[in-house]
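Residue numbers (our numbering): 242 to 539.
C-beta: ideal position from N, C-alpha, C; glycine also.
Comments concern the structure below.
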C-alpha cells in the first residue's frame, strides 16, 4: 500500500486537517490550492475512503480522517527529525576523513592544525603521489601534482599551491651540450623525469595560453623533487624543478637555469574531491583551511 502513496499527499492532508482550510494549508506549504486539493483527493482515491467532509461553510475530518491523522503524525515527525539529524551531520566536521596526498612538510603542518581545530575528526592519511586505483576510490580527498591542462573528469579540482618552474643542469652538462640546447633537441639529451607522477616523462611548456608537450627520454626516473634535484646536481641530466627549490643552487653556480622560447608549465598542487554541493562538511572545511593557508604562504 505504501508504495502507492506519495509523501506530498500526506503532508497536504496533515496541513489541511490542522488548519481546516485548503487555502491556509496551501499558504503554509507554499503550494497552489489546486495542488493541495489534488493531493488529498488522490490520497482518498487510493485509500478508497472519505477523509474530510467539505461544505461551503466548514470542513471537518471523518472518522477515517481522524484515524489517519493520529497514525501518520508521529511517523512524519520521526521522519522529519531523522532527515534533520542526517542534514546536521553533513554540517559537522566529524567522522573519518580519508586523504591521499604527497609527503610535503607544509601539508603535514596544515593537516595537523586542521585536526587540532576539529577534535571529533578521525584522520586516515596515505602519503603518495599517484592513486593506485580510481582517482577517489577509497578516499574523500586526493591531493595530486599537475602541469598544464587537466583531464576532464567528474571530480572538482581545486588549486592549492603553484610553483613557477625552470629547466636546470650543472654548468659542466650545459657546456657539454652547448650547441644542442633547444626545446627540439631535449628529446636527445639526458633528462631526469618523473616515474609515474605528472603523467610520467612528458615535459610541458607554455607560451602565453598555448602549451606543448615534449616526450623526453630518461635513464633516471623518480617521484621526488628532492631526488631529481640531487640527480641534477650530480650531473645526471637536465631537470625541471620548482624555481624556489633550486634558486640558491643557481645563485651559487651549482646549477644553471636554461632559457628557451617557451617556459616550463608551473607545478600545481590540486585537491580533487566530489561535487562540492554534495561533499561532506569535513571535506569543505579542509579545502577552506588549505585555501586560507595557501593565501597566507604565497
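Margin query: On a Cα-Cα basis, can you pick out the residue from 294, 494, 391, 359 that is closest to residue 334?
Written below: 359
Note to self: My parser needs the beta strand (DSSP E) runs of 3 or more residues fully inside the stretch 395-468; what are they?
What the structure shows: 397-404, 406-410, 432-434, 443-448, 451-456, 459-462
Next item on the list: Taking 8 Å as the threshold, find out whether the stretch 410-420 comes into contact with the stretch 442-452 through three or more Cβ pairs.
Entry: no
Notebook entry, point to check: Got a sec? Which residues, its chain only, sit under 8 Å from residue 452 by beta carbon, not counting five neighbours each side?
Noted result: 389, 390, 445, 446, 506
Check: Can residue 253 and residue 277 be called in contact, C-beta distance under 7 Å?
Finding: yes
Check: Taking the continuous alpha helix (DSSP H) assigned at residue 246, which residues delimit it?
Finding: Per DSSP, residue 246 belongs to no alpha helix (DSSP H) and is neither H nor E.
Next item on the list: To the nearest angstrom, report how far apart residue 318 and residue 309 are at their CA atoms.
Entry: 14 Å
Next item on the list: Starting from the C-beta of residue 246, find all residues in its chain whose C-beta is less than 7 Å away, skip the five residues before and the five after it, and write them out in chain order.
Entry: 284, 287
Checklist line | Nearest residue (CA-CA) to residue 298, options 291, 316, 480, 261 | finding: 261
Note to self: Does residue 531 come out as helix, strand or coil in the three-state DSSP assignment?
What the structure shows: helix
Check: With which residues is residue 511 paired in a DSSP beta bridge?
Finding: 385, 400
Next item on the list: Please classify residue 512: is it buried, with 16 or more other beta-carbons within 10 angstroms of its beta-carbon, or exposed?
Entry: buried
Margin query: Rounded to the nearest angstrom, what separates residue 540 and residue 398 at their Cα positions?
Written below: Lying before the first or after the last residue shown, residue 540 is absent from the chain, which here runs from 242 to 539.
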